[in-house]
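Quick note: the sequence shown uses this note's numbering, first residue 69, plus one each step. Data block below; observations after.
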Amino acid sequence: METYKTDKTVVELFAGVGGFNLGLKKSGWKVIMANQWEPGKKSQWAFDCYNEHFKDSVNLNVDVATVLAEDIPAHELLVGGFPCQDYSVASTLANSKGIQGKKGVLWWEIYRIASDKKPRFILLENVDRLLKSPARQRGRDFGIILSCLLSLGYSIEWRVINAADYGFPQRRRRTFIFATKDTAVQEKLYANKEAENVLLHSGFFAVPFGCHPYAGTRVRKIEIPKDIKSVSDDFSAPFENSGYCIDYVCYTYRVDSVYDGHRMTLGDILEKNVSEIFYIKPEDEPQWAYLKGAKKEKRVTSTGHEYNYSEGPIAYPDYLDKPSRTMLTGESTKNRSTHVIRDPETGKLRLLTPMECERLNGFPDNWTNTGMSQKFRYFCMGNALVVGLIEIMGKRINEIR
Ligand SMILES: C[S@@+](CC[C@H](N)C(=O)[O-])C[C@H]1O[C@@H](n2cnc3c(N)ncnc32)[C@H](O)[C@@H]1O
Numbered sequence: 069m070e071t072y073k074t075d076k077t078v079v080e081l082f083a084g085v086g087g088f089n090l091g092l093k094k095s096g097w098k099v100i101m102a103n104q105w106e107p108g109k110k111s112q113w114a115f116d117c118y119n120e121h122f123k124d125s126v127n128l129n130v131d132v133a134t135v136l137a138e139d140i141p142a143h144e145l146l147v148g149g150f151p152c153q154d155y156s157v158a159s160t161l162a163n164s165k166g167i168q169g170k171k172g173v174l175w176w177e178i179y180r181i182a183s184d185k186k187p188r189f190i191l192l193e194n195v196d197r198l199l200k201s202p203a204r205q206r207g208r209d210f211g212i213i214l215s216c217l218l219s220l221g222y223s224i225e226w227r228v229i230n231a232a233d234y235g236f237p238q239r240r241r242r243t244f245i246f247a248t249k250d251t252a253v254q255e256k257l258y259a260n261k262e263a264e265n266v267l268l269h270s271g272f273f274a275v276p277f278g279c280h281p282y283a284g285t286r287v288r289k290i291e292i293p294k295d296i297k298s299v300s301d302d303f304s305a306p307f308e309n310s311g312y313c314i315d316y317v318c319y320t321y322r323v324d325s326v327y328d329g330h331r332m333t334l335g336d337i338l339e340k341n342v343s344e345i346f347y348i349k350p351e352d353e354p355q356w357a358y359l360k361g362a363k364k365e366k367r368v369t370s371t372g373h374e375y376n377y378s379e380g381p382i383a384y385p386d387y388l389d390k391p392s393r394t395m396l397t398g399e400s401t402k403n404r405s406t407h408v409i410r411d412p413e414t415g416k417l418r419l420l421t422p423m424e425c426e427r428l429n430g431f432p433d434n435w436t437n438t439g440m441s442q443k444f445r446y447f448c449m450g451n452a453l454v455v456g457l458i459e460i461m462g463k464r465i466n467e468i469r
């Protein structure tokens, strides 16, 4: 068995304002290096916020593609929330020196760093559609991720988790990917076990995030090709919301959450005495009502083509006795997905405050109040993750390591 001299150390890529760092710190892990860079922006607000809060790690504000593996210290756990992009491999890029994806596609930076540093554990976060992308070759991009990690000796487990299903006050659904190359841990988690048992009871995610099978579904077996280029060209598979993969064989199962703990709602995280600036002006109310309402209308594209547009209504105002909808980066701008609530103290319609948005993700109050504009505070929370989920996953790694 390999020995790991990097006890509970973490390198955090795509660090944003530090959701992974906060959650992992609470579970006893220590980020020693972080990288965060907002492409094409002179002001690096997310990095500045991160750097202000985490002074005990080496924090790099450069394009991850320029970070040399030799400058990254050995570490036990590599983490990051990276974007869902097109991960395909162009034929000119599949060369004898190893596979290389398209420039600017950030998965390949994770792969490069993991190949070199070989951390014992990897924990990644992405949007839920990662499992189905791209639409014309469903499952290809996730197949590429699996094939890459398998080629480095990792086993991989994934689960789509909606934070609200486990008591958090926001419906935020994300794909989490856990990988390990420690054979003793792999054995403990997967050897001599029924796939169904791993995915429902004993696996990395099933223990802290209880689940049962979705009605009428069964475990599917999927083989992953060893050649990453052939995954890119031909592979397609119906990955469900849970699964694991070891030695190029995957098992995937559609599951539903099981949870009987305390459930928080949007109403639980509201501030009191909210400033007038967050209130909707009476003259803007009809426009908000229109944005949120059902539509069936003719629209014209920029090229003059006329088409029928329709959408159903969404809650207006948002329910206070339920978890919120997913926060997006455009939260607070005048668009349909911005939350509008009826303030319980005044009875008037208003937007959420930046601090309420921090609370929806489980960040400490005023976390992003580090010099950036209100607009960026919302933007950073739209990009961030639910800290409490990461704390649970950090503790779960403690149990199995
Ligand atoms: C989904 S967000 C991660 C948010 C983070 N987990 C948090 O809790 O705040 C992805 C982050 O990657 C950063 N990013 C995008 N391209 C990058 C690049 N080329 N190098 C480094 N960071 C990059 C973005 O600025 C963004 O903050």
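Quick reminder that beta carbons are idealized off the backbone N, C-alpha and C, glycines included. Remember, it's a predicted structure, so these values are computed and weren't measured experimentally.
Please list the terminal residues of the continuous beta strand (DSSP E) segment that includes PRO354. Residue 354 sits at position 286 when you count from the first residue of the sequence shown. It is not in any beta strand (DSSP E) - PRO354 instead sits in the alpha helix (DSSP H) that spans 353–360.
Taking the alpha-carbon of GLY87 as reference, which of PHE122, LYS109, MET332 has the nearest alpha-carbon? Counted from its first residue, the sequence shown places residue 87 at position 19. Comparing Cα-Cα distances from GLY87 to each of PHE122, LYS109, MET332, the minimum goes to PHE122.
Integer-rounded CB distance, given that MET332 should sit under 8 Å from PHE244: Translated into the one-based positions of the sequence shown, residue 244 becomes position 176. Translated into the one-based positions of the sequence shown, residue 332 becomes position 264. The C-beta distance from PHE244 to MET332 rounds to 20 Å, too long to fall under 8 Å, and the pair is not in contact.
Could you tell me the alpha carbon to alpha carbon distance between ALA162 and ASP196, rounded to whole angstroms? Reading the sequence shown from its first residue, position 94 is the one you call residue 162. Reading the sequence shown from its first residue, position 128 is the one you call residue 196. Residue placement at ALA162 is poorly supported in this model, since its pLDDT is 49, which falls under 50; the coordinates are not used for a value here.
Between which two residues does the alpha helix (DSSP H) containing SER298 stretch? Position 230 of the sequence shown holds residue 298. Counting along the chain, the alpha helix (DSSP H) containing SER298 begins and ends at 296–302.
Can you tell me whether VAL454 is buried or exposed? The criterion is at least 16 other CB atoms within 10 Å of its CB, across all chains shown. Walking along the sequence shown from the start, residue 454 turns up at place 386. Classification of VAL454: buried, given that the 10 Å Cβ count is 16 or more.
For the candidate residues PRO107, ARG206, PHE115, ALA142, whose alpha-carbon lies nearest to that of THR77? Position 9 of the sequence shown, counted from the first residue, corresponds to residue 77. Among PRO107, ARG206, PHE115, ALA142, the Cα nearest to that of THR77 is on ALA142.
Start and end of the alpha helix (DSSP H) containing HIS373? For the purposes of this step, residue 373 is taken as residue 305 along the sequence shown, with counting starting at 1. Run containing HIS373: none; DSSP gives neither H nor E here.
Rounded straight-line distance, which links the Cα of LYS416 to that of THR74: Along the sequence shown, one-based indexing puts residue 74 at 6. Along the sequence shown, one-based indexing puts residue 416 at 348. Computed Cα separation, rounded: 53 Å.
As an exercise, report each continuous alpha helix (DSSP H) stretch of at least 4 residues that is fully enclosed by the segment 215–243, in chain order. At a cut-off of 4 residues, not a single continuous stretch assigned as alpha helix (DSSP H) sits fully inside the segment 215–243.
To which residues of the same chain is GLU106 closer than 7 Å at the C-beta, ignoring the five residues directly before and after it? As a working note, residue 106 is residue 38 in the sequence shown. Cβ-Cβ distances below 7 Å link GLU106 to GLN112, ALA114 in the same chain, with the five nearest sequence neighbours on each side left out; the list follows chain order.
Taking 7 Å as the cut-off, is the CB of PHE122 close to at least one heavy atom of ligand 1? Stepping through the sequence shown from its first residue, residue 122 is reached at position 54. Checking every heavy atom of ligand 1 against the Cβ of PHE122, none is found closer than 7 Å.
How many angstroms separate the CA atom of ARG204 from the CA atom of ARG322? Looking up residue 204 in the sequence shown gives position 136. Looking up residue 322 in the sequence shown gives position 254. Going by the C-alpha atoms only, they are around 21 Å apart.
Limits of the unbroken beta strand (DSSP E) element including MET101: As a first step, residue 101 must be located in the sequence shown, where it is residue number 33. For MET101, the enclosing beta strand (DSSP E) begins and ends at 98–103.
Nearest to TYR347 (by Cα), restricted to the options HIS407, PRO391, LYS289: Sequence index remark: in the sequence shown, residue 347 carries index 279 (1-based). Measuring C-alpha to C-alpha distances from TYR347 to each of HIS407, PRO391, LYS289 identifies HIS407 as the nearest.
Take the Cβ of ASN260 as the centre, count every other Cβ of all protein chains shown within 10 Å, and call the residue buried at 16 or more, exposed below. Taking the sequence shown and counting its residues from 1, the one referred to as residue 260 is at position 192. By the 10 Å Cβ count, ASN260 comes out exposed.
For ASP250, report the span of its beta strand (DSSP E) as first-last. Taking the first residue of the sequence shown as 1, we reach residue 250 at position 182. That residue, ASP250, is in no beta strand (DSSP E); it is neither H nor E in DSSP.
Considering only the alpha carbon of each residue, which of LYS94, TYR222, ASN127 lies closest to GLU80? Your numbering for residue 80 matches position 12 in the sequence shown. If we check each option's Cα against that of GLU80, ASN127 comes out closest.
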